[in-house]
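What follows is a single structure, written as structure tokens, with notes after it.
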Amino acid sequence: MAVDVRDTARAPETPFWLDARYRAIMFQVILLVLVVGFAGYIFYNTYQNLQRRGIASGFDFLGSTAGFDIIMHLVPYAASESFGRALLVGLLNTLAVAAIGIVLATILGFVVGVARLSRNWLISRIASIYIEVIRNIPLLLQIIFWYQVLGKSTPGPRQSIDIGGLFFINNRGLYMPAPVTEPGFWLTPVAFAAGVVATIVMHRWARARQMATGQQFPVLWTALGLIFGLPILVLLVTGMPFHWDYPKLQGFNFSGGMVLIPEFISLTFALVIYTGAFIGENVRAGIMAVNHGQTEASYALGLRPGPTLRLVVIPQAMRVIIPPLTSQYLNLTKNSSLATAIGYPDLVAVFAGTVLNQTGQAVECIAITMGVYLFLSLTTSVFMNWFNRRVALKER
Numbered sequence: 001m002a003v004d005v006r007d008t009a010r011a012p013e014t015p016f017w018l019d020a021r022y023r024a025i026m027f028q029v030i031l032l033v034l035v036v037g038f039a040g041y042i043f044y045n046t047y048q049n050l051q052r053r054g055i056a057s058g059f060d061f062l063g064s065t066a067g068f069d070i071i072m073h074l075v076p077y078a079a080s081e082s083f084g085r086a087l088l089v090g091l092l093n094t095l096a097v098a099a100i101g102i103v104l105a106t107i108l109g110f111v112v113g114v115a116r117l118s119r120n121w122l123i124s125r126i127a128s129i130y131i132e133v134i135r136n137i138p139l140l141l142q143i144i145f146w147y148q149v150l151g152k153s154t155p156g157p158r159q160s161i162d163i164g165g166l167f168f169i170n171n172r173g174l175y176m177p178a179p180v181t182e183p184g185f186w187l188t189p190v191a192f193a194a195g196v197v198a199t200i201v202m203h204r205w206a207r208a209r210q211m212a213t214g215q216q217f218p219v220l221w222t223a224l225g226l227i228f229g230l231p232i233l234v235l236l237v238t239g240m241p242f243h244w245d246y247p248k249l250q251g252f253n254f255s256g257g258m259v260l261i262p263e264f265i266s267l268t269f270a271l272v273i274y275t276g277a278f279i280g281e282n283v284r285a286g287i288m289a290v291n292h293g294q295t296e297a298s299y300a301l302g303l304r305p306g307p308t309l310r311l312v313v314i315p316q317a318m319r320v321i322i323p324p325l326t327s328q329y330l331n332l333t334k335n336s337s338l339a340t341a342i343g344y345p346d347l348v349a350v351f352a353g354t355v356l357n358q359t360g361q362a363v364e365c366i367a368i369t370m371g372v373y374l375f376l377s378l379t380t381s382v383f384m385n386w387f388n389r390r391v392a393l394k395e396r
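Position one of the sequence shown corresponds to residue 1 (our numbering), numbered consecutively onward.
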């Protein structure tokens, strides 16, 4: 009986180190071992250096007395507080600049982005010059410039710029009346929160109603009434349970009221101006990405330019605007760390500066500061990714 040679012959086996699948796994394992080994070496080397210099490691120092003042604090703070409390003060100061900066930079960026596409030659050129000039000057120089303009060049307390006897501007900041709450005022923030929740519910209902019937509901005016009108009504019903504490010049400084220090104003102003220029360019690119036929179709349906931009162009442009907008929000938050250049007590200046110098816990202070910024960045990214999915165009 004839034997088929092909049945008995076997293909030579490929060595595992030449197999693409095993080779890929092997390279990943080697890379993982190298990364873990390098991290272990850094940790061991740092630990040995700290032991050699007699520096105790750990986070017990957070409970020790700080012993220094902070010129701006959103929560009660004194020199007798702990380093942990100082960390909280610096974090809140950073969040204040970041939150206010993001809101104002977004508004400015959208206005500039739309203005750059304006048919008015003068408005378009002014917006273009603003974007090109601001984006090409280093942010640190802009912060120092605005600090000199808004802080150092203003007069002293006795020569303050008086605005209606309520606001006073001098080289120590902007003094303004401060509200002082009285019993019963807590109902007002509750009414505000209820108005926000009611607005969200109303917006969803109005959108479902429009999708089903095509009829529009005055969402904007209703939202304004719920968010602002309802708290005002509660204030009137409860008898206005608050009063104003006005700033007064006593001696060489003002007392009473509240003050925004020059460092806060200068830093916020510089971040808004700088980031707004980048957001404006992102908005312009997003609007231009919308097919011009969409605008012509809306005009054919009788929509005016304003409603066309608000109802047709911007909703479609958001899918292009939001991804780079997220990056600008992250940049603004991280760029706030440049506050140390003008002495604003943010997280870096307070914790990675003063606390580090007083305790000598360099590794711990830097690690905490990096961890906080990492958490803020990841939180912002998660929220913006969720918002991006919410506004994404969905086929019916």
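For every residue, glycine included, the Cβ atom is placed at its ideal position computed from N, Cα and C. All of these numbers come straight from a predicted model, not from anything done at the bench.
Rounding to the nearest angstrom, what Cα-Cα distance links residue i and residue j in this structure?
i      : j      : result
Val234 : Lys334 : 39 angstroms
Pro189 : Leu31  : 54 angstroms
Gly101 : Ser327 : 14 angstroms
Val149 : Phe264 : 13 angstroms
Leu320 : Leu224 : This sequence places Val at residue 320; Leu is not what is there. Answer to the nearest angstrom: the Cα atoms are 28 angstroms apart.
Thr295 : Glu281 : 20 angstroms
Ile123 : Gly293 : 25 angstroms
Val219 : Arg158 : 48 angstroms
Ala98  : Thr222 : 29 angstroms
Ser153 : Asn136 : 25 angstroms
Val382 : Phe375 : 11 angstroms
Tyr41  : Leu50  : 14 angstroms
Arg52  : Phe59  : 19 angstroms
Asp19  : Pro323 : 40 angstroms
Gly286 : Tyr130 : 19 angstroms
Ala24  : Val33  : 14 angstroms
Tyr44  : Val35  : 14 angstroms
Tyr246 : Asn291 : 54 angstroms
Gln142 : Ala127 : 18 angstroms
Ile161 : Lys248 : 13 angstroms
Gly54  : Gln48  : 10 angstroms
Ser80  : Leu74  : 17 angstroms
Ser420 : Met318 : With the chain represented from 1 up to 396, any question about residue 420 goes unanswered, as that position is not in the structure.
Thr65  : Val89  : 14 angstroms
Met1   : Gln28  : Below a pLDDT of 50, predicted positions are generally treated as unreliable, and Met1, at 49, falls in that range; no measurement from the model is reported.
Tyr22  : Ala339 : 51 angstroms
Phe254 : Gly164 : 16 angstroms
Gln215 : Met202 : 14 angstroms
Asn385 : Pro231 : 32 angstroms
First and last residue of the beta strand (DSSP E) that includes residue i?
i      : result
Gln250 : 248 to 250
Leu255 : A quick correction: the sequence has Ser, not Leu, at residue 255. 253 to 255 is the span of the beta strand (DSSP E), which, as asked, contains Ser255.
Trp244 : 242 to 245
Asn170 : 167 to 170
Thr354 : It is not in any beta strand (DSSP E) - Thr354 carries neither H nor E in the DSSP assignment.
Gly173 : 173 to 176
Ile161 : 161 to 163
In the DSSP assignment, the alpha helix (DSSP H) including residue i goes from what residue to what residue?
i      : result
Ile342 : Careful: Ile342 lies outside any alpha helix (DSSP H) and carries neither H nor E.
Leu95  : 83 to 116
Ser298 : 292 to 300
Ile134 : 121 to 135
Pro231 : 230 to 237
Val272 : 262 to 288
Met318 : 314 to 335
Gln361 : From DSSP, Gln361 is part of no alpha helix (DSSP H); its letter is neither H nor E.
Quick one: is the Cβ of residue i within less than 7 angstroms of any heavy atom of the ligand MN?
i      : result
Pro179 : This structure simply doesn't include the ligand MN, nor any ligand for that matter.
Assuming the contact rule is C-beta atoms closer than 8 angstroms, residue i and residue j should be a hit. Round their C-beta distance to whole Å, please.
i      : j      : result
Thr181 : Ser336 : Between Ser336 and Thr181 the Cβ distance is about 29 angstroms, and since that is not below 8 angstroms, they are no contact.
Met72  : Pro262 : Their Cβ separation, rounded to whole angstroms, is 11 angstroms, which puts Met72 and Pro262 out of contact at 8 angstroms.
Ala105 : Ile279 : 6 angstroms
Gly239 : Val112 : No, Gly239 and Val112 are not in contact; Cβ-Cβ is about 44 angstroms, not under 8 angstroms.
Ala341 : Ile144 : 6 angstroms
Val283 : Gly109 : 6 angstroms
Val259 : Gly195 : Incorrect: roughly 30 angstroms between the Cβ atoms, too far for contact.
Considering only C-alpha positions, which residue in the set the options is nearest to residue i?
i      : options                        : result
Gln316 : Asn331, Thr340, Met288         : Met288
Leu397 : Met26, Leu50, Arg53, Ile107    : Because the chain in this structure spans residues 1 to 396, residue 397 falls outside the shown range and cannot be described.
Leu166 : Met176, Arg172, Ser160         : Met176
Gly251 : Gly156, Asp245, Asp162, Ile70  : Gly156
Phe83  : Ile368, Gly256, Ile232, Ile227 : Ile368
Pro241 : Val196, Gly286, Pro183         : Pro183
Ala297 : Ala285, Leu311, Arg284         : Leu311
Val431 : Val75, Leu87, Ala39            : Here the chain comprises residues numbered 1 to 396, so residue 431 is not present and cannot be evaluated.
Leu267 : Tyr47, Gly343, Pro179, Ile163  : Gly343
Gly371 : Ala39, Glu81, Leu91, Val103    : Leu91
Thr199 : Arg116, Gly229, Gln215, Leu378 : Gly229
Ile227 : Tyr299, Ile169, Leu260, Ala191 : Ala191
Leu139 : Ser377, Ala66, Asn331, Thr359  : Asn331
Leu378 : Tyr329, Gly353, Thr359         : Tyr329
State yes or no: is the beta carbon of residue i nearer than 8 angstroms to at least one beta carbon in chain D?
i      : result
Leu236 : Judged by its chain identifiers, the structure shown contains no chain D, having just a single protein chain.
message = Contact between the region 256 to 276 and the region 199 to 214 is defined here as three or more beta-carbon pairs at a separation below 8 angstroms; is this criterion met?
response = no
message = Across the region 305 to 313 and the region 339 to 349, are there enough close Cβ pairs to call them in contact, namely three or more that are closer than 8 angstroms?
response = no
request  = Spell out a yes or no on whether the region 361 to 372 and the region 381 to 389 are touching, meaning 3 or more CB-CB pairs, one atom from each, closer than 8 angstroms.
outcome  = no
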